[in-house]
Amino acid sequence: MKPNSLYVAAVFLTLSALSVGSCRGDQAPEPFVSRGATPVEGLPVLAELGVESEGEEWGKVFHWPLDAVFSGEEIRVLDSSPPWVRVFSKNGRFSKALVGHGEGPGEMKLPYSLRATDDGGSLIAHSGGIEQVDGEGRSVFSAPGDRYWSRGVAEACDGQVFTLSVRPGEVGAPGLLMRIDRVGGQWDTIAVFDTIRLQASLRRRSASFLRGGDRGVLLYPEEMNRHRLVWVDCDGTVFREFPISPLGPPQRTGAPPVGERRPGRFAVKPAEPPFPGGMVEVGGQVIWATLRHEQTEEGVINRETVLTTLGPTPKSLKVEGWYQLFDSDQHGLVLVGNADGELPSVLLVDGKALLEQIEKAGTADVGFDQR
2 MKPNSLYVAA
12 VFLTLSALSV
22 GSCRGDQAPE
32 PFVSRGATPV
42 EGLPVLAELG
52 VESEGEEWGK
62 VFHWPLDAVF
72 SGEEIRVLDS
82 SPPWVRVFSK
92 NGRFSKALVG
102 HGEGPGEMKL
112 PYSLRATDDG
122 GSLIAHSGGI
132 EQVDGEGRSV
142 FSAPGDRYWS
152 RGVAEACDGQ
162 VFTLSVRPGE
172 VGAPGLLMRI
182 DRVGGQWDTI
192 AVFDTIRLQA
202 SLRRRSASFL
212 RGGDRGVLLY
222 PEEMNRHRLV
232 WVDCDGTVFR
242 EFPISPLGPP
252 QRTGAPPVGE
262 RRPGRFAVKP
272 AEPPFPGGMV
282 EVGGQVIWAT
292 LRHEQTEEGV
302 INRETVLTTL
312 GPTPKSLKVE
322 GWYQLFDSDQ
332 HGLVLVGNAD
342 GELPSVLLVD
352 GKALLEQIEK
362 AGTADVGFDQ
372 R
């Protein structure tokens with residue numbers, strides 16, 4: 002059974018509202034155009050998830066993919082509507098849905114990011130803390146996060162759990178890299194970064210900014226005054242930095258408009274492009290995504306994603322539209338979130354071929370500072 006017209010209309014209206022909110026002004030943007038950029042059809046896409054014409058309805062159309070990971074031969078997608086985790090095969094076929102809405106074991110109210118564990122489970126950062134579930138969605142481990150807001154979670158350093166967090170409501174709050182004790186659920190700070198930008202906070206186009214590995218974690222710390230990715234070892238020491246191009250103004254809070262000022266009320270000024278679009282690692286090479294836009298004198302919004310290899314000589318490839326980098330696996334496959342389609346989906350991409358395409362595109366011209 003195909004999605005009914007009301008369901009498709011609801012998804013389209015949701016995407017339209019998000020597109021308006023991400024641009025300057027109150028008017029809806031004109032059709033998207035990108036000058037000198039590669040169309041997504043020109044990328045080495047192997048499969049598209051979320052567009053099935055058969056099977057359960059939630060396997061056909063996502064509400065909004067928040068994150069996606071590889072787990073063995075499975076692909077798991079974290080969606081913005083329950084059941085939160087949808088499982089697919091690598092050929093794009095929907096298999097099952099896990100993790101419901103609620104407050105019980107293995108349930109949550111508002112998830113943010115998803116990472117796979119070595120034993121075939123999933124770690125999920127959500128509004129109530131950190132939850133680990135097994136391959137069938139059963140709760141394995143919970144770490145309540147009443148004092149912290151997790152911006153991402155990952156398993157690294159022989160099964161340890163790490164999270165990038167911030168203390169909610171604290172003015173000028175720094176980003177905190179924390180290690181979570183699986184036995185007692187205690188959160189211990191191992192590294193402190195600059196004031197967090199809130200560049201991507203509360204945005205449905207936010208990718209998870211934490212990746213685990215044997216030598217530590219790779220993260221985008223969202224620092225207000227520094228533009229970088231960092232590798233941090235298992236003890237919290239930064240051992241490598243990657244400069245990235247500056248992003249747009251972060252979110253800011255302040256008094257609401259005159260006439261709406263009541264106790265406890267505040268207004269949020271949305272962040273502006275360029276937005277962070279996530280990162281993956283393919284064959285030891287880090288690829289970083291930046292979501293940019295430009296409004297022409299005619300009022301046309303040009304959207305593009307800049308995919309950049311980080312290192313001594315960065316190379317960049319511009320892609321039409323906005324896409325997020327979610328995850329990569331040991332075979333060089335990459336999961337990419339489509340943030341611009343009428344019906345959002347997740348793309349399975351040949352990462353090695355993508356890396357070659359970026360390398361052939363030329364030297365980066367997006368304002369990188371290599372000092």
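In the working numbering, the protein residues as written are 2 to 372. Cβ coordinates follow ideal geometry from the N, Cα and C atoms, glycine included.
| message | Just verifying my parser: in three-state terms, what is the DSSP assignment at Ala354? | response | It is helical.
| request: Please go through the same chain and pick out, in chain order, the residues whose beta-carbon is closer than 7 Å to the beta-carbon of Arg293, but skip the five residues on each side of it. | output: Pro274, Pro275, Glu305, Val307
| task | Return helix, strand or coil for Lys316, following the three-state DSSP convention. | result | strand
| query | When the Cα of Phe243 is compared with those of Gly37, Leu165, Glu282, which residue comes out closest? | reply | Glu282
| said: Tell me the rounded alpha-carbon separation between Val134 and Ser317. | reply: 37 Å
| request: Reducing DSSP to helix, strand and coil, say where Gly43 ends up. | output: It is helical.
| query | With a CB to CB cut of under 6 Å and the five nearest residues on each side skipped, what residues in its chain are close to Val52? | reply | Closer than 6 Å at Cβ, skipping near neighbours: Ser346.
| Distance, Cα to Cα, Ala362 vs Pro40? | The alpha-carbon atoms of Ala362 and Pro40 are separated by roughly 14 Å.
| task | Can you check DSSP and say which residues form a bridge with Ala144? | result | Ile131
| Hey, would you say Gln325 sits closer than 8 Å to Gly284, going by beta carbons? | no
| Between the region 168 to 184 and the region 83 to 102, do at least 3 Cβ pairs fall closer than 8 Å? | no
| request: Starting from Ile245, follow its DSSP beta bridges and name the residues at the other end. | output: DSSP output for Ile245 lists no bridge partner at all.
| field | Lys91 in three-state terms, based on DSSP | value | coil
| Check whether Ser114 and Gly130 have beta carbons under 8 Å apart | no
| query | Who are Tyr324's beta bridge partners in DSSP? | reply | DSSP, once it has assigned bridges, lists Asn339 as partnering Tyr324.
| task | On a CA-only basis, which of Thr118, Asp330, Val70, Ile288 is nearest Cys158? Give me that one, please. | result | Thr118
| message | Using the Cβ count rule (16 or more neighbours within 10 Å means buried), how would you classify Ser128? | response | exposed
| request: Identify, in the order they occur along the chain, each residue of the same chain with its Cβ nearer than 6 Å to the Cβ of Asp195, setting aside the five sequence neighbours on each side. | output: Glu224, Met225, Asn226, Arg227
| query | Mind checking Ser90: buried by the 16 CB within 10 Å criterion, or exposed? | reply | exposed
| message | Looking only at its chain, what residues have a beta carbon closer than 6 Å to the beta carbon of Thr190, apart from the 5 residues adjacent to it on each side? | response | Closer than 6 Å at the Cβ level, and outside the excluded window around Thr190, lie Leu177, Met179.
| request: Inspect the beta-carbon positions of Asp234 and Arg212 and report whether they are closer than 8 Å. | output: No; because the gap between Cβ atoms is not below 8 Å, this pair is not in contact.
| field | Alpha carbon of Ala155 to alpha carbon of Leu124, nearest angstrom | value | Their Cα atoms are separated by approximately 7 Å.
| Cβ shell of Val287 (< 8 Å), same chain only, five flanking positions each side left out | Leu219, Leu230, Phe243, Met280, Val281, Thr310, Leu311, Gly312, listed in sequence order.
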